[in-house]
Structure formats: structure tokens, C-alpha cells
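Heads up, the sequence shown is in my numbering, so the first residue is 8 and it goes up one at a time.
Below: the structure, in C-alpha cells.
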Amino acid sequence: VRALAALTDGAARWTEVFGEGDWTDTLGVLRKAGPQGLIDRVRELEEADAAAGRVRLRRGKTHDDATALLVELV
């Protein structure tokens, strides 16, 4: 194990709700853009979904709490 990531369901929306990548891709975003970069991407997708009539989120709220943590082990 070289890295560990912890995400709330709000941050995991990038993969689980919006299908922007798999978990390997999510780890890649965390490594390249950091936790805030992942959360920013989720927020952009949430806003676009709300503007499109809530296609993905349907009855769910536009924004969910979003927290992400990346720990690189050396």
C-alpha cells in the first residue's frame, strides 16, 4: 500500500453519481489536484446537473458535504 484515500459520499459523487472515472482515476485526481481539486470538480458537476434539470441528482440535494483526504505512505 502506497497511499490511502478517505472520502465522504459527497466527494465520492465524482465516481459514484457522475461516473467521471473509477477509483483509480479518483486517486489520480487526488494526487494531481489535491482534495480541493476533487471537490471543485464535484461542485462543477453538481452545478451543471442543477442547471440541466437535475438529471443525475433527481430529488437529492444539489450539494452534499464533501470531504477528501489523501495520505501518501513512504
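In this text, a Cβ means the ideal position worked out from N, Cα and C, and glycines have one as well.
Keep in mind it's a predicted model, so treat the numbers as computed, not measured.
Query raised in the report: Per DSSP, what kind of secondary structure is Leu64 in: helix, strand or coil?
Result: coil
Report task. Could you check what DSSP says for Ala58 in three-state terms: helix, strand or coil? Result -> helix
Requested in this report: Report, in whole angstroms, the separation of the C-beta atoms of Trp21 and Arg48, which I expect to be a contact under 8 Å.
Outcome: 6 Å
Query raised in the report: On the premise that Glu79 lies in contact with Leu52, defined as a C-beta separation below 8 Å, what is that separation, rounded to the nearest angstrom?
Result: About 26 Å separates the two Cβ atoms, so there is no contact after all.
Requested in this report: For Ala58, verify whether its CB is less than 7 Å away from any heavy atom of the ligand ADP.
Outcome: Looking at this structure, you won't find the ligand ADP or any other ligand, since it has none at all.
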